[in-house]
Structure formats: structure tokens, C-alpha cells
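Asks: Have a look at the structure that comes next, please.
There are 2 protein chains.
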Amino acid sequence: MFDTQQALQSIEKEIQNIALGTHPTELYEPIRYIMDLGGKRIRPILVLIGNYLFTDDWQKNTKPALAVEIFHNFTLLHDDIMDNAPIRRGKPTVHEKWNSNIALLSGDVMLVKAYQQLDFVEEKYFHTILRKFHQCAIEVCEGQQLDMNFEKVEKISQGEYINMIRLKTAVLLGFSLEFGAVIGGADPENAQQLYDFGVNIGIGFQLKDDLLDVYSDQAKFGKQVGGDIIANKKTFLLIKALEKATGETQDQLQSWLTKVDFDKEEKVKAIIEIYNSLNIKQETESKMNEYFYKAFQSLDSIPIKKEKKEALISFTNDLINREK
Amino acid sequence: MFDTQQALQSIEKEIQNIALGTHPTELYEPIRYIMDLGGKRIRPILVLIGNYLFTDDWQKNTKPALAVEIFHNFTLLHDDIMDNAPIRRGKPTVHEKWNSNIALLSGDVMLVKAYQQLDFVEEKYFHTILRKFHQCAIEVCEGQQLDMNFEKVEKISQGEYINMIRLKTAVLLGFSLEFGAVIGGADPENAQQLYDFGVNIGIGFQLKDDLLDVYSDQAKFGKQVGGDIIANKKTFLLIKALEKATGETQDQLQSWLTKVDFDKEEKVKAIIEIYNSLNIKQETESKMNEYFYKAFQSLDSIPIKKEKKEALISFTNDLINREK
Numbered sequence: 051m052f053d054t055q056q057a058l059q060s061i062e063k064e065i066q067n068i069a070l071g072t073h074p075t076e077l078y079e080p081i082r083y084i085m086d087l088g089g090k091r092i093r094p095i096l097v098l099i100g101n102y103l104f105t106d107d108w109q110k111n112t113k114p115a116l117a118v119e120i121f122h123n124f125t126l127l128h129d130d131i132m133d134n135a136p137i138r139r140g141k142p143t144v145h146e147k148w149n150s151n152i153a154l155l156s157g158d159v160m161l162v163k164a165y166q167q168l169d170f171v172e173e174k175y176f177h178t179i180l181r182k183f184h185q186c187a188i189e190v191c192e193g194q195q196l197d198m199n200f201e202k203v204e205k206i207s208q209g210e211y212i213n214m215i216r217l218k219t220a221v222l223l224g225f226s227l228e229f230g231a232v233i234g235g236a237d238p239e240n241a242q243q244l245y246d247f248g249v250n251i252g253i254g255f256q257l258k259d260d261l262l263d264v265y266s267d268q269a270k271f272g273k274q275v276g277g278d279i280i281a282n283k284k285t286f287l288l289i290k291a292l293e294k295a296t297g298e299t300q301d302q303l304q305s306w307l308t309k310v311d312f313d314k315e316e317k318v319k320a321i322i323e324i325y326n327s328l329n330i331k332q333e334t335e336s337k338m339n340e341y342f343y344k345a346f347q348s349l350d351s352i353p354i355k356k357e358k359k360e361a362l363i364s365f366t367n368d369l370i371n372r373e374k
Numbered sequence: 051m052f053d054t055q056q057a058l059q060s061i062e063k064e065i066q067n068i069a070l071g072t073h074p075t076e077l078y079e080p081i082r083y084i085m086d087l088g089g090k091r092i093r094p095i096l097v098l099i100g101n102y103l104f105t106d107d108w109q110k111n112t113k114p115a116l117a118v119e120i121f122h123n124f125t126l127l128h129d130d131i132m133d134n135a136p137i138r139r140g141k142p143t144v145h146e147k148w149n150s151n152i153a154l155l156s157g158d159v160m161l162v163k164a165y166q167q168l169d170f171v172e173e174k175y176f177h178t179i180l181r182k183f184h185q186c187a188i189e190v191c192e193g194q195q196l197d198m199n200f201e202k203v204e205k206i207s208q209g210e211y212i213n214m215i216r217l218k219t220a221v222l223l224g225f226s227l228e229f230g231a232v233i234g235g236a237d238p239e240n241a242q243q244l245y246d247f248g249v250n251i252g253i254g255f256q257l258k259d260d261l262l263d264v265y266s267d268q269a270k271f272g273k274q275v276g277g278d279i280i281a282n283k284k285t286f287l288l289i290k291a292l293e294k295a296t297g298e299t300q301d302q303l304q305s306w307l308t309k310v311d312f313d314k315e316e317k318v319k320a321i322i323e324i325y326n327s328l329n330i331k332q333e334t335e336s337k338m339n340e341y342f343y344k345a346f347q348s349l350d351s352i353p354i355k356k357e358k359k360e361a362l363i364s365f366t367n368d369l370i371n372r373e374k
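Residue numbers (the working numbering), protein chains in the order written: chain A, 51 to 374; chain R, 51 to 374.
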């Protein structure tokens with residue numbers, strides 16, 4: 051049986067066990083700080099679920115599973131510098147609490163630490179995992195660069211956007227599942243199918259995020275509804291609206307996007323009205339469901355027992371149905 | 051026979067062969083740019099010499115040797131961001147030519163690429179090398195953090211300084227030689243002795259750098275003599291002078307260090323006079339020679355033919371005797 055709570059507990063316990071140096075403290079305190087900020091630990095849980103699909107021995111793989119959590123937190127640390135983000139999980143970001151040089155350098159150490167954590171992978175699977183990890187790591191960096199590029203570009207196509215979110219966020223989910231599968235003895239074809247499941251689910255999750263920013267219940271959402279709208283963030287919704295808007299709607303949309311002084315609430319309301327008039331919610335939901343559907347098709351084709359798959363399906367559905 | 055020129059040529063050729071992605075170009079052009087800035091390629095040459103000491107087949111190891119060159123350039127890229135350095139090898143630094151986000155992110159990719167290059171290490175040596183590489187990479191980051199810390203500290207001891215330069219620059223030279231030795235089939239003891247040689251030589255090189263900044267022939271030096279003095283850089287010379295100066299000399303030294311407005315030439319001249327009065331040149335040379343002596347003692351105890359050792363001795367002596 052796979053038990054998400056039990057998995058989470060052993061992940062949290064192992065996070066406390068990660069061997070960090072002590073000197074200089076400026077290098078190691080930020081690593082401890084960001085690892086202790088919490089989060090849902092989705093990626094190592096996906097490693098363990100992926101593992102559970104192919105072996106009952108999943109409990110022994112918490113240590114290698116942490117590699118993806120360390121890597122993920124490394125990307126958050128460096129992305130926060132690049133995005134000049136002041137807050138992460140309700141706390142000051144590392145570059146705010148210390149400074150950006152310390153954030154840069156402790157991030158570098160975290161990338162090495164992620165690699166070091168892979169040393170816990172069993173010898174016979176080691177090279178396969180290591181090579182896939184290199185590729186995944188590079189793709190995540192490519193995604194971040196594309197995301198930064200997109201801020202300066204006027205027009206992005208739907209395909210370019212999907213490719214960016216695939217690289218920036220989805221491939222690490224795919225790799226996490228594949229990682230678990232490979233070290234669970236899955237054959238390459240099944241490991242690939244599970245990777246495809248993860249990537250497609252990941253793309254769907256990001257589209258869900260884009261939707262939640264606009265169409266969520268403020269009481270449940272936790273952060274400000276419409277944050278992406280206020281910042282002109284090129285989400286799937288905006289890209290789609292720019293693609294579909296014509297005539298007066300197009301003029302109104304452009305006018306809001308170029309306005310420098312505006313009332314935030316008024317802008318959010320106006321853009322939502324434009325989205326509604328263009329059917330953007332339905333279009334985005336339909337695209338999101340397309341990816342969820344593709345994902346579950348990949349999962350269907352993996353020849354493992356339905357009871358095993360239930361663990362992954364249930365974990366995924368919780369994430370699909372989240373309201374924040 | 052080991053042929054440095056031949057080694058250098060194959061290193062340069064392999065650098066051109068490193069597989070880099072193409073998209074997004076912002077991520078890969080900076081990597082190509084910094085790798086093509088040149089430099090003496092000391093670290094991969096040390097891998098190949100370390101290898102040659104234990105096998106005649108050193109020519110086949112250029113690919114794995116590049117891992118240390120990619121890693122070294124990764125550290126330069128990120129250090130230049132942290133130090134806000136405008137120029138590297140006479141050309142604009144990556145963060146100047148592009149921007150600091152691009153420099154940060156392409157540096158991250160380079161660290162992954164360094165790891166990826168280690169995949170060329172023969173299976174039987176792979177884990178040994180990988181684990182030593184993790185450690186070396188972390189130590190280099192620790193050294194950089196200590197170096198940054200020292201800028202803000204008034205007093206550093208000689209021991210703290212030596213430890214910082216050991217981590218920041220010497221361990222990578224030690225690792226490079228050890229790397230070559232291990233993949234050449236050296237036993238662990240001899241590999242360790244070669245590592246010790248590299249680390250001690252590396253510390254000596256840095257002390258030589260500190261000396262050259264002050265006591266070199268401007269015509270041969272290439273950069274401004276006294277640059278460290280103007281910037282109050284805590285070199286071994288300054289640390290030693292602060293330790294030895296008393297009475298009026300101490301007051302003069304402190305006065306120059308705290309002056310905000312000063313004539314550069316005048317400051318350099320005055321500080322050199324203080325150094326001379328305190329015998330700092332001889333003290334530094336003596337410390338440097340202590341490390342060179344230790345290094346050659348380690349080398350002596352490795353049971354390999356004198357002809358083989360000659361390659362390493364001659365390469366090292368060229369670096370010891372350099373005047374810039």
C-alpha cells in the first residue's frame with residue numbers, strides 16, 4: 051500500500067538528515083532555510099509513487115527521492131533572484147533575507163547537493179538516472195530562460211507558451227515519476243509512459259494555475275485574485291485572448307495592457323469581462339483537459355494493477371481539484 | 051611522452067566539440083563565449099599530466115578532462131556576477147555583455163554540463179571521481195563565500211587566508227591531478243599524494259599572484275601593478291603587514307587603508323615602502339616556498355619514474371616562474 055502521509059513524513063525526516071556543511075554559515079543556513087520552508091513535497095512523493103507502481107519496497111527510496119526536492123528548491127532560489135521576488139511561501143526569499151550573492155552561491159551548492167543525493171541510487175540504475183537528470187536539469191533552465199524572454203516579447207504563440215511551461219515545470223514532474231519507476235525496475239517503455247503522464251499532468255497543472263489566478267474564490271485562493279492580470283503576465287489566458295480579440299475588444303485589451311496608471315480592481319474586472327466575452331475560461335479548461343486526458347491515456351497503457359494506479363490517480367486528482 | 055602543446059591542442063579541439071543546445075540562444079551563446087575566451091587551460095592539462103604519470107594512454111582522456119575546465123569557467127561566470135567584474139580576459143564579462151540573469155542561468159547550465167562531461171569517465175572509476183568532484187565543487191563554493199566574507203571583516207589571520215585560497219583555488223588543481231591519476235589506474239595513496247601536490251602548488255601559486263601584484267615588472271605584468279593595494283584587497287602581504295606593523299608604521303598603514311580620497315600612485319608607493327620596511331616580500335616568498343617544498347615532497351614520495359615526473363615538474367615550474 052502507498053500511504054501519502056507516511057511518504058511525506060519520511061521525506062520530511064530525511065530532509066532534516068541531509069548532510070550540510072557548517073562553515074561558512076552564510077552558505078549553509080540559506081539551504082537549511084529554504085528546505086525548511088515546507089511546500090507540498092510533490093516531486094519526491096511522485097518519485098515514491100512512481101516507485102510503488104513497480105515495487106512494494108518504495109519506503110527504502112526516500113533518500114534518492116530527495117534529489118528532486120533539493121533540485122526544485124535550487125531552482126526556486128535562483129529563480130527568485132532573477133524574478134526579484136521578495137516572498138516565498140510567506141517568508142522572505144533568501145536574497146532578501148541575506149543577499150543575492152549568498153543566494154546565488156548557496157544555490158550553486160544546492161545543485162551539487164542534488165547531484166550528491168543521487169549517489170543513493172542503486173548502482174544498476176545509476177547511469178540511467180544520472181543521464182536523465184542532466185537532461186531534465188538543463189531543460190528546466192531552458193524553460194526559465196524562455197519565461198524571462200517572453201516578458202520582453204509582444205506576441206507569444208500558444209505552442210511557444212506550452213513548450214515553455216513544459217520545460218520550466220512539467221519535465222521535472224515527469225522525471226520524478228520516471229525516476230521512481232526506473233529504480234523500481236520498470237522497463238524503459240513503461241518508465242517513458244509514466245514520464246509522459248507526468249509531463250502532461252504538469253502542463254495541465256500550470257494551465258490550472260493560470261485559471262486559478264483569474265477564476266478562483268478569493269476566500270479560498272490565499273493570494274490576490276488577478277495578480278497575473280495586474281502584472282500583464284503572459285498566461286495561457288492572455289495569450290488566447292490576444293489571439294482571439296478583434297475590433298473594439300482588441301483595442302480595449304491593448305489599452306489595458308499599455309496603461310501605466312490604473313486602478314487594480316478596475317483592471318482585473320475589465321480584463322475578466324474581456325476574457326468572458328471571448329470564452330477564454332472554457333478555451334483554457336478545454337486545453338487543460340486535453341493534457342489531463344493525454345496523461346491518463348499514457349497511464350492506462352501501463353500494464354500494472356488498477357489498485358497500484360489508484361495511488362497515483364488519487365494523488366493527482368487532489369492536485370487537479372485544488373482551489374489554490 | 052607527454053606533450054603540453056599536443057594536450058592543449060586536443061583540449062581546444064574538444065572544447066569546440068562540447069554539445070550545447072541551441073535554443074534559447076541566450077542560454078548557450080554565453081557558454082560558448084566564456085569557453086572561447088581562452089586561458090591557459092591549466093586544469094584539464096593537469097588532468098592529462100596526472101593521467102600520464104600512471105598510463106601512456108593519456109591522449110584518450112581529453113573528453114573527461116574537460117569537466118574541470120567547464121567547471122572552472124562556471125565558477126568564473128558566477129564569481130564575476132558576485133564581484134561585479136566588468137572584464138574577464140580582456141573582454142566584457144557575460145553579465146556585462148548580456149545581463150546578470152542570463153549569466154546566472156547559463157552558469158547553472160554549465161555546472162550541469164560539467165557533470166555531464168564526467169559521463170566520459172570509464173565505469174570502473176566513475177563513482178570515485180564523481181564523489182571527489184562533488185566535494186571539490188562544494189569546497190570551491192565555500193572558498194568563494196569565505197573570500198566574500200573577508201571583504202567585510204577587519205582582521206583575518208594568516209591561517210584563515212591560506213584556508214580560503216586552498217578552498218577557492220587550490221583544491222580544484224589538486225582534484226584535477228588526482229582525477230587524472232585515478233582514471234590512469236593510480237592506487238588511492240598515490241592519487242592522494244598527487245592531490246596534495248596540486249593543493250600545495252595551488253596555494254603557492256596564489257601567494258605568487260599576491261606577490262606579482264606588488265613586486266612585478268610593469269612592462270611584463272600586463273595589468274596595473276598595485277591593483278590589490280589600491281583596492282585594499284586582503285592579500286597575504288597585507289595580512290602579514292597588519293600582523294607585523296607596530297607604532298608609527300601601523301598608524302601609517304591604517305591611515306592609508308581608511309583614506310577615501312587618495313592619489314593611486316602615491317598610495318601604492320607608500321604601501322610598498324611599508325611592506326619593504328616590514329620585510330613582507332621575503333616573508334611571503336618564504337611562505338610560498340614552504341608550500342612549493344611541501345608539494346615537491348609529496349611528488350617525491352610517489353613511486354613513478356623520474357622521466358614521467360619531469361612532465362609535471364616542467365609544467366609546474368613554468369607556472370611558478372611566470373612573471374604575470
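Just so it is clear, CB atoms sit at the ideal spot from N, CA and C, and this is done for glycine as well. Bear in mind that the values here come from a model prediction, so they are computed numbers and not experimental data.
From this set, R/I84, R/E228 and R/E192, which residue's C-alpha is nearest R/L217's C-alpha?
Replies: Counting from 1 along the second sequence, the entry for residue 217 of chain R is found at position 167. Out of R/I84, R/E228 and R/E192, R/E192 has the C-alpha closest to the C-alpha of R/L217.
Asks: R/N71 versus chain A: which residues are under 8 angstroms apart at the beta carbon?
Replies: Position 21 of the second sequence holds residue 71 of chain R. Asn is not the amino acid found at residue 71 of chain R; the sequence shown has Gly there. I188 and E192, listed in chain order.
Asks: Give the DSSP bridge partners of R/R400, in chain order.
Replies: What the structure shows of chain R is the stretch from 51 to 374, and residue 400 of chain R is not part of that stretch, so it cannot be assessed.
Asks: So which residues on chain A does R/E76 lean against when the C-beta distance must stay under 7 angstroms?
Replies: The sequence position of residue 76 of chain R within the second sequence is 26, counting from 1. Scanning chain A for C-beta atoms nearer than 7 angstroms to the C-beta of R/E76 yields Q195 and N199, reported in chain order.
Asks: Could you please tell me which residues of the segment 148-160 of chain R, in chain order, have their CB closer than 7 angstroms to any CB of chain A?
Replies: If the cut-off is 7 angstroms between Cβ atoms, the segment 148-160 of chain R has N151, L154, L155, D158 and V159 near chain A.
Asks: Let me know the secondary structure DSSP gives R/K355 once reduced to three states.
Replies: Numbered from 1 along the second sequence, position 305 holds the residue referred to as residue 355 of chain R. Coil, per DSSP.
Asks: Using a Cβ-Cβ cut-off of 6 angstroms (strictly less than) and excluding sequence neighbours within five positions of A/G224, which residues of its own chain qualify?
Replies: On the first sequence, position 174 is the one that residue 224 of chain A refers to. Cβ neighbours of A/G224 beyond the five flanking positions: Y245, G248 and V249.
Asks: Mind checking if A/Q166 is an interface residue toward chain R, Cβ cutoff 8 angstroms exclusive?
Replies: For the purposes of this step, residue 166 of chain A is identified with residue 116 of the first sequence, where counting begins at 1. Yes, because at least one Cβ of chain R sits closer than 8 angstroms to the Cβ of A/Q166.
Asks: Give me the subset of the segment 117-140 of chain R whose CB atoms are less than 7 angstroms from a CB atom of chain A, sorted by chain position.
Replies: H128, I131 and M132
Asks: Evaluate A/E7 with the Cβ neighbour count: other Cβ atoms within 10 Å of its Cβ, from every protein chain shown; 16 or more gives buried, anything less gives exposed.
Replies: No information on residue 7 of chain A is available, as it lies outside the stretch 51 to 374 that chain A covers here.
Asks: If we define contact as Cβ-Cβ less than 8 angstroms, is R/V162 a contact residue for chain A?
Replies: Counting from one through the second sequence, the residue named residue 162 of chain R turns up at place 112. At least one chain A Cβ lies under 8 angstroms of R/V162.
Asks: Measure the beta-carbon distance from R/H128 to R/G157 and round it to whole angstroms, keeping in mind my assumption that it falls under 8 angstroms.
Replies: Indexing the second sequence from 1 puts residue 128 of chain R at position 78. Indexing the second sequence from 1 puts residue 157 of chain R at position 107. Going by Cβ atoms, the distance from R/H128 to R/G157 rounds to 5 angstroms, so yes, they are a contact pair.
Asks: Counting only beta-carbon atoms, is R/R181 nearer than 8 angstroms to chain A?
Replies: Position 131 of the second sequence, counting from 1, holds the residue named residue 181 of chain R. Output row for R/R181: interface = yes.
Asks: Checking 8 angstroms against the spacing of the C-beta atoms, do R/V162 and R/L77 come in under that value?
Replies: Counted from its first residue, the second sequence places residue 162 of chain R at position 112. Counted from its first residue, the second sequence places residue 77 of chain R at position 27. Their beta carbons are not under 8 angstroms apart, which means R/V162 does not touch R/L77 by this criterion.
Asks: Rounded to the nearest angstrom, how far is the Cβ of A/V118 from that of A/P94, given a contact under 8 angstroms?
Replies: Residue mapping note: residue 118 of chain A aligns to position 68 of the first sequence, counting from 1. Residue mapping note: residue 94 of chain A aligns to position 44 of the first sequence, counting from 1. Rounded, the Cβ-Cβ distance is 6 angstroms, consistent with contact.
Asks: At a CB-CB cut-off below 9 angstroms, which residues of chain A make contact with R/H184?
Replies: Numbered from 1 along the second sequence, position 134 holds the residue referred to as residue 184 of chain R. Residues of chain A passing the Cβ test: V162, K163, Y165, Q166 and D169.
Asks: Shortest alpha-carbon distance to A/N101 belongs to which of A/Q59, A/G230 and A/N240?
Replies: Reading the first sequence from its first residue, position 51 is the one you call residue 101 of chain A. Comparing Cα positions, the closest option is A/G230.
Asks: Near R/L307, which residues of its chain fall below 7 angstroms by C-beta distance, leaving aside the five closest residues on each side in sequence?
Replies: By 1-based counting over the second sequence, the position of residue 307 of chain R is 257. Closer than 7 angstroms at Cβ, skipping near neighbours: N282.
Asks: Alpha carbon to alpha carbon, what distance is there between A/L103 and A/Y341?
Replies: Along the first sequence, one-based indexing puts residue 341 of chain A at 291. Along the first sequence, one-based indexing puts residue 103 of chain A at 53. Cα to Cα, A/Y341 sits roughly 22 angstroms from A/L103.
Asks: For R/R372, which three-state DSSP category applies?
Replies: Counting from one through the second sequence, the residue named residue 372 of chain R turns up at place 322. Coil at R/R372, not helix or strand.
Asks: I want to know whether the segment 202-218 of chain R touches the segment 275-292 of chain R - three or more CB-CB distances under 8 angstroms.
Replies: yes
Asks: Run the CB neighbour count on A/P80, radius 10 Å, all protein chains shown included, and call it buried at 16 or more, exposed below.
Replies: Counting from one through the first sequence, the residue named residue 80 of chain A turns up at place 30. So A/P80 ends up on the buried side.
Asks: Does DSSP classify R/P238 as helix, strand or coil?
Replies: Residue mapping note: residue 238 of chain R aligns to position 188 of the second sequence, counting from 1. Helix, per DSSP.
Asks: Please look up how many angstroms separate the CB atoms of R/I131 and R/A153, rounded, as I've assumed it's under 8 angstroms.
Replies: The count along the second sequence starts at 1 and reaches residue 131 of chain R at position 81. The count along the second sequence starts at 1 and reaches residue 153 of chain R at position 103. With 8 angstroms as the limit, R/I131 and R/A153 qualify as a contact, their Cβ atoms being about 5 angstroms apart.
Asks: DSSP beta-bridge partners for A/P142?
Replies: Walking along the first sequence from the start, residue 142 of chain A turns up at place 92. As DSSP reads the structure, A/P142 sits in a beta bridge with A/I137.
Asks: Going by other Cβ atoms of all chains shown within 10 Å of its Cβ, with 16 needed for buried, is A/G254 buried or exposed?
Replies: Here residue 254 of chain A refers to the residue found at position 204 when the first sequence is read from its first residue. Buried is the call here.
Asks: Which residue wins for smallest C-alpha separation from R/I324, given the options R/S348, R/S351, R/T296 and R/E335?
Replies: On the second sequence, residue 324 of chain R is found 274 positions in, with the first residue counted as 1. Ranking R/S348, R/S351, R/T296 and R/E335 by Cα distance to R/I324 puts R/T296 first.
Asks: If you follow the alpha helix (DSSP H) that R/F342 is in, where does it begin and where does it stop?
Replies: Residue mapping note: residue 342 of chain R aligns to position 292 of the second sequence, counting from 1. Unbroken alpha helix (DSSP H) run through R/F342: I330 to D350.
Asks: Do A/K374 and A/L262 have their CB atoms nearer than 8 angstroms?
Replies: Position 324 of the first sequence, counting from 1, holds the residue named residue 374 of chain A. Position 212 of the first sequence, counting from 1, holds the residue named residue 262 of chain A. Pairing A/K374 with A/L262 gives a Cβ-Cβ distance under 8 angstroms.
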